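Remarks on the structure that follows.
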Amino acid sequence: GQQVMQIPQYQHVQEGEDFTTYCNSSTTLSNIQWYKQRPGGHPVFLIQLVKSGEVKKQKRLTFQFGEAKKNSSLHITATQTTDVGTYFCAGIPKTSYDKVIFGPGTSLSVIP
Amino acid sequence: DAGVIQSPRHEVTEMGQEVTLRCKPISGHNSLFWYRQTMMRGLELLIYFNNNVPIDDSGMPEDRFSAKMPNASFSTLKIQPSEPRDSAVYFCASSPLASSYNEQFFGPGTRLTVL
């Protein structure tokens, strides 16, 4: 079946260090979304990428969609304690325009 | 805007009992999704509706689970009979168009514990 994978599963960083999570799909995607879930909270939408090779930035966060539209990455520069949480990518396969497939998430801990 | 509303926020029940989870999507949103989140299995899509019609229920674990959306402002997820392995956080999410090309707005979730 269609799968979306993320690595790493967990990441512990010292405050101020950079962080990257990678997302890979077993099939070509129409678009990809990223969500953040704080501990005890619910997923909150961050961004959507649609075009092949697209790069978007939100302050210290940089999102990238691969040329083949099968992978994506989220990079956080100079992490802060407010970045703590689980980051999910969610892909919409080209063959299934309505169904969103969430990755397992990367849990980020930031040590002050 | 109140956002997606879910009730109850916490539910503790005994094995064999019926459980009903409720969701009120954001007004004007056409799509509604039910998810289950556990440590072991992560975030799983159970079922989603477009314009009140169930589109894909392939994620529903078994016949003990059922979901309805009688109108655009209300949906229920029912488990009958409940089992301990159903313990999880259940999220409802809504999206503004009949497509997942737009962001999903998640509710606060219902934490279900089945003893």
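As they're listed, the protein sequences go chains A and R.
Residues in the first sequence are numbered from 1 upward in steps of one, following this note's numbering.
Residues in the second sequence are numbered from 1001 upward in steps of one, following this note's numbering.
The C-beta atom is built at its ideal place from N, Cα and C for all residues, glycine as well.
Everything numeric in this text was worked out from a predicted model, so none of it was measured.
Selection from the options that minimises the alpha carbon distance to residue i
i	options	result
Leu1021/R	Thr1113/R, Thr1076/R and Ser1094/R	Thr1076/R
Gln48/A	Glu15/A, Gln33/A and Thr62/A	Gln33/A
Ser25/A	Val84/A, Ile76/A and Phe88/A	Phe88/A
Pro69/A	Gln80/A, Thr82/A and Gly91/A	The residue you asked about is not Pro; residue 69/A is Lys in the sequence shown. Nearest option by C-alpha distance: Gly91/A.
Thr27/A	Thr95/A, Lys99/A and Ile111/A	Thr95/A
Ser1031/R	Pro1054/R, Arg1009/R and Glu1011/R	Pro1054/R
Thr20/A	Leu61/A, Gly53/A, Leu46/A and Glu54/A	Leu61/A
Ser1095/R	Asp1057/R, Gly1016/R, Met1015/R and Trp1034/R	Trp1034/R
Arg1036/R	Pro1061/R, Glu1103/R, Gly1016/R and Asn1102/R	Pro1061/R
Gly1016/R	Asp1057/R, Glu1103/R, Glu1083/R and Leu1097/R	Glu1083/R
Nearest-angstrom Cβ-Cβ length linking residue i and residue j, presumed shorter than 8 angstroms
i	j	result
Val1114/R	Thr1013/R	6 angstroms
Thr81/A	Pro8/A	Not a contact, Cβ separation roughly 19 angstroms.
Gly1107/R	His42/A	7 angstroms
Phe1105/R	Ile1026/R	6 angstroms
Thr79/A	Val110/A	5 angstroms
Lys1078/R	Val1019/R	7 angstroms
Leu108/A	Val84/A	6 angstroms
Ser1087/R	Leu1112/R	6 angstroms
Asp1056/R	Lys99/A	6 angstroms
Alpha carbon of residue i to alpha carbon of residue j, nearest angstrom
i	j	result
Thr86/A	Gln37/A	5 angstroms
Arg1041/R	Pro104/A	8 angstroms
Ser30/A	Lys51/A	8 angstroms
Gln2/A	Ile101/A	8 angstroms
Ser1007/R	Lys1068/R	15 angstroms
Tyr35/A	Ser73/A	12 angstroms
Pro1081/R	Ser1073/R	26 angstroms
Gly1028/R	Asn1071/R	12 angstroms
Tyr22/A	Gly1109/R	26 angstroms
Phe1049/R	Thr77/A	38 angstroms
Arg1085/R	Pro39/A	22 angstroms
Gln64/A	Asn1051/R	32 angstroms
Val4/A	Gly1059/R	15 angstroms
His1010/R	Val1089/R	9 angstroms
Tyr10/A	Pro93/A	25 angstroms
Asp18/A	Glu1044/R	29 angstroms
Gln58/A	Phe1065/R	39 angstroms
Asn71/A	Val55/A	12 angstroms
Gln14/A	His75/A	15 angstroms
Pro112/A	Gln6/A	25 angstroms
Ala1093/R	Gly16/A	33 angstroms
Glu67/A	Lys1024/R	38 angstroms
Asn1102/R	Asp1063/R	30 angstroms
Leu1097/R	Ala1002/R	18 angstroms
Any non-hydrogen atom of the ligand ZN within 8 angstroms of residue i CB
i	result
Cys89/A	Judged by which ligands are present, the structure shown has none, so any question about the ligand ZN falls away.
For residue i: DSSP bridge partner residues
i	result
Val113/A	No statement about residue 113/A is possible, as the shown extent of chain A runs from 1 to 112 and does not include it.
Val13/A	Val110/A
Thr1113/R	Val1012/R
Gly91/A	Ile32/A and Ile101/A
Gln48/A	Gln33/A
Gln2/A	Answer by DSSP bridge pairing: none, since Gln2/A is not bridged.
His75/A	Thr20/A and Thr62/A
- [ ] Any chance you could list the beta strand (DSSP E) runs of at least 3 consecutive residues sitting entirely within the stretch 1010 to 1097 of chain R, in chain order?
- [x] 1010 to 1013, 1019 to 1024, 1031 to 1038, 1042 to 1050, 1053 to 1056, 1065 to 1071, 1074 to 1079 and 1088 to 1095
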